[in-house]
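Heads up, the thing below is written out as structure tokens.
Protein chains in written order, with our numbering: chain A, 98 to 396; chain B, 98 to 396.
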């Protein structure tokens, strides 16, 4: 657990593991971010692109790995910019065929919205942020690393200081953090974890899936889904809207009722809008939001 | 303003500015940290050491700079581990004789406890953290950079991603942050800044100076000061204690009354203890603490 946004720890994961080269799987803005991070740190990296809205294809990844040698593969579980949940299990199976290649997973927007078993999938790195499924204020990044990754890190000379994973491990073993942490958020995290233990992770995932289903079936009637429906995420629905549609005007109307939705991310702005259904969001809010958008469309 | 501990931004300041070599001025644990950070990032650096408890000597710095070329000099204003306030004005004057050398200042524990004029001293980088003089929960690092520094950063190829100062500037110009910030702390910061505007920065500095004076005159009577008294900081008093003295036992006694003090930092543990008098601390707490320690000594 580190005091920073998720991006800082994604960057650190690359700095702690890559000496030869990284492979970044890209089908949206967050997949691309791993690649930009590698470049900003002078870390050699290739990117393998898939169409936005479509999932990462494990077969293509397999073919690519058969022909090239990589220290790590970076993977975004739920690509928030397009609403796609990428097939983690299948990609992990393909990467696991290459024993020297670590699998780094951005689960920022997927944790607690869908199944994710770090150990069963033999992941090497997985990360989330406090403000998504965990429903806390932003400011903490929470991550897990494998023993394999720590062994790799030992051989990397310039891992950096603040997010040196070996320092984090040493401090974690004595239940400390290497630097002054965001103490207030730690208290919030403790409370949320107790409540999750009570609710059950399975129940929390089902709750998100129900909100997602409600949102998707509505979006298909009124607009259309941006992502391939088979791969639509439980955490966020990305709705494709006609060019004439103004998200700005919709938000002015919604604001009168205390609501607000996100415009499309990056180059999808104006062509899509996004409705989140995870963490702090509850079903009655999704129902109210949907009927407000219906009112807006009828007006 | 970045969501992280101060250390992350100290490290970033080196990564954004050094291509040839850094000079780290060291008279305690935080001075040494800059040097460790340079090494952890593969950044060439020299360290110039001064005795702990004594201030950094501007004349020695001047001689050293006359014989060597550095991209930056790193400087800790208040060295929290020893309670020394280093002579910023004099060191800045010496560094300013070398137009290609930037001056990076860690003001984590000095801001709002003593005068600090970024513009008048022509500093290039200055940083504090939310939990010291600003009296907020930890989790935000607040920093200023010079135009000169940004020009330098443009020529540095691998500045990193999360704390690339040029990205921060681009976002700051549109009143945004490059990544999701710790929003709750931003509200707290806003409130604290309004209150500081009302109180006045001068009054806040005088308040810390008064608490420091109270603490120092008591410490000289009962124990002795660790730092050279002429350079004793207004933010923290580091008290030298006899080897027979147990800070642990003192803290057990203090805990009964809701108080707790810090043991010495790093290798000064057991030989010193530290009393903070800045930010959220008020004079009546210092008075109560002092009389409790007197009770402990008498028992």
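For each residue, glycine too, the CB sits at the ideal point set by N, CA and C. Remember, it's a predicted structure, so these values are computed and weren't measured experimentally.
Candidates A:115, A:314 and A:237, of which the one nearest residue 284 of chain A by Cα: A:237
Exposed unless 16 or more other CB atoms sit within 10 angstroms - verdict on residue 189 of chain A: buried
CA nearest to the CA of residue 278 of chain A, picked from B:227, B:112, B:244 and B:324: B:227
Inter-stretch contact (C-beta, 8 Å, three-pair minimum) for the region 200-207 of chain B and the region 255-263 of chain B: no
Residue 146 of chain A - partner residues in DSSP beta bridges: A:123
Contact set between residue 98 of chain A and chain B, taken where Cβ atoms lie within less than 8 Å: Within 8 Å Cβ-Cβ: nothing; residue 98 of chain A doesn't reach chain B, min ~12 Å.
Contact between the region 101-109 of chain B and the region 220-234 of chain B (3+ Cβ pairs under 8 Å): yes
Contact set between the region 125-157 of chain B and chain A, restricted to residues whose Cβ is under 7 Å from the partner: 133, 134, 137, 138 and 139
Residues that residue 257 of chain B contacts on chain A, provided the C-beta gap is smaller than 7 Å: 108, 137 and 138
Which of helix, strand or coil DSSP assigns to residue 244 of chain B: helix
Interface partners of residue 279 of chain B on chain A, CB under 7 Å: 234, 235, 236 and 279
Short CB-CB distance (under 8 Å) between residue 203 of chain A and chain B: no
Chain-ordered neighbours of residue 250 of chain B on chain A, where CB pairs are closer than 7 Å: Those do not exist, as residue 250 of chain B stays about 12 Å from chain A at its closest Cβ, beyond 7 Å.
Contact with chain B by residue 105 of chain A, beta-carbon distance below 8 Å: yes
Backbone secondary structure at residue 360 of chain A - three-state DSSP: strand
Residue 143 of chain A versus residue 166 of chain A: straight-line alpha-carbon distance, rounded: 11 Å
Within 8 Å, strictly: CB atoms of residue 230 of chain B and residue 371 of chain B: no
When B:308, B:232 and B:326 are compared against residue 289 of chain B, the one with the closest alpha-carbon: B:232
is_contact[residue 102 of chain A, chain B] using C-beta, thresh 8 Å: yes
Residue 312 of chain B, DSSP secondary structure in three states: helix
Exposed unless 16 or more other CB atoms sit within 10 angstroms - verdict on residue 379 of chain B: exposed
Of the residues B:319, B:359, B:368 and B:360, the one placed nearest residue 339 of chain B, counting alpha carbons only: B:368
Interface flag, residue 282 of chain B vs chain A, CB-CB below 8 Å: yes
Identity of the residue in B:361, B:382, B:186 and B:337 nearest residue 351 of chain B by Cα: B:382
N-terminal and C-terminal residue of the alpha helix (DSSP H) that residue 104 of chain A is part of: 103-112
Exposed unless 16 or more other CB atoms sit within 10 angstroms - verdict on residue 139 of chain B: exposed
Which residues DSSP lists as bridging residue 208 of chain B, in chain order: B:211
CB-CB length for residue 114 of chain B against residue 249 of chain B, believed under 8 Å: 5 Å
Chain-order list of residues whose beta-carbon lies under 8 Å from that of residue 337 of chain A (same chain, five-residue window excluded): 320, 321, 322, 323, 368 and 369
Boundaries (first-last residue) of the beta strand (DSSP E) holding residue 352 of chain B: Careful: residue 352 of chain B lies outside any beta strand (DSSP E), inside the alpha helix (DSSP H) at 344-352.
Minimum Cβ-Cβ distance from residue 360 of chain B to chain A less than 8 Å: no
Beta carbon proximity, residue 303 of chain B to chain A, threshold 8 Å: no
Entirely enclosed alpha helix (DSSP H) segments - the region 161-240 of chain A, minimum 4 residues: 185-192
Other residues of its chain near residue 127 of chain A: CB distance less than 7 Å, five sequence neighbours each side excluded: 173, 176, 177, 178 and 203
DSSP three-state assignment for residue 54 of chain B, whether helix, strand or coil: No statement about residue 54 of chain B is possible, as the shown extent of chain B runs from 98 to 396 and does not include it.
Buried or exposed by the 16-neighbour rule on C-beta atoms within 10 Å, applied to residue 149 of chain B: buried
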